[in-house]
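J.: I am attaching a structure below and will ask some questions about it afterwards.
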Amino acid sequence: MAKELGCNYEAPTFGARYPDGTCIDGYMWDLDSCDEPGGPLFSGGDIPCPFCNTDAHIEWMDKRLSGNSRQRRTARRALAPKVRAWAEARSSFDPIPKEPQ
834 MAKELGCNYE
844 APTFGARYPD
854 GTCIDGYMWD
864 LDSCDEPGGP
874 LFSGGDIPCP
884 FCNTDAHIEW
894 MDKRLSGNSR
904 QRRTARRALA
914 PKVRAWAEAR
924 SSFDPIPKEP
934 Q
């Protein structure tokens, strides 16, 4: 069963000092990329959400984790809560919490 992605995460993502990115289906979309308020977003969708799609976001960040595969998995597991906490601190809204796995 595939896990559901998407949360209420909004934060500065695309270079603005205000929340210009929002999470849709686990990926960040540029809120400034629509023609009219409430219209469809045209730009984004290539940056994984750091809150609900954390593992993919860590891969997107291109963190060079050293060691063998077991050591890299352990390092990635240790990094994931830090990335989620960083994302939650930057969010302008309370993200929908992830359910325990």
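In my numbering, each number is its position in the sequence shown, counted from 1, plus 833. Idealized CB from N, CA, C, for every residue including glycine. Here the structure is a predicted model, which means the values were calculated and not measured.
So what's Gln-934 in DSSP terms, helix, strand or just coil?
T.: Taking the sequence shown and counting its residues from 1, the one referred to as residue 934 is at position 101. Residue confidence is low: Gln-934 scores 48 on pLDDT, short of 50, so the model does not pin down where it sits. No coordinate-derived value is stated.
J.: Tell me the residue span of the alpha helix (DSSP H) that contains Thr-887.
T.: Residue 887 sits at position 54 when you count from the first residue of the sequence shown. From DSSP, the alpha helix (DSSP H) with Thr-887 extends over 887-894.
J.: Which residue from Asp-853, Leu-912, Asn-886 and Phe-847 puts its Cα closest to that of Gly-839?
T.: Numbered from its first residue, the sequence shown carries residue 839 at position 6. With distances taken between Cα atoms, Gly-839 lies closest to Asn-886.
J.: Tell me which same chain residues have a C-beta within less than 6 Å of the C-beta of Ala-940, skipping the five on either side of it?
T.: Any property of residue 940 remains undetermined from this structure, which presents the chain solely from 834 to 934.
J.: Under the assumption that Ile-880 contacts Arg-909 (Cβ atoms under 8 Å), give the Cβ distance between them as a whole number of angstroms.
T.: The count along the sequence shown starts at 1 and reaches residue 880 at position 47. The count along the sequence shown starts at 1 and reaches residue 909 at position 76. 18 Å between Cβ atoms; not a contact.
J.: Exposed or buried, Ala-922, counting other C-beta atoms within 10 Å across all chains shown (16 or more means buried)?
T.: Taking the sequence shown and counting its residues from 1, the one referred to as residue 922 is at position 89. When all chains shown are included, Ala-922 counts as exposed.
J.: Please classify Pro-914 as buried or exposed, where buried requires at least 16 other C-beta atoms within 10 Å of its C-beta.
T.: Within the sequence shown, numbered from 1, the residue matching residue 914 stands at position 81. It counts as exposed.
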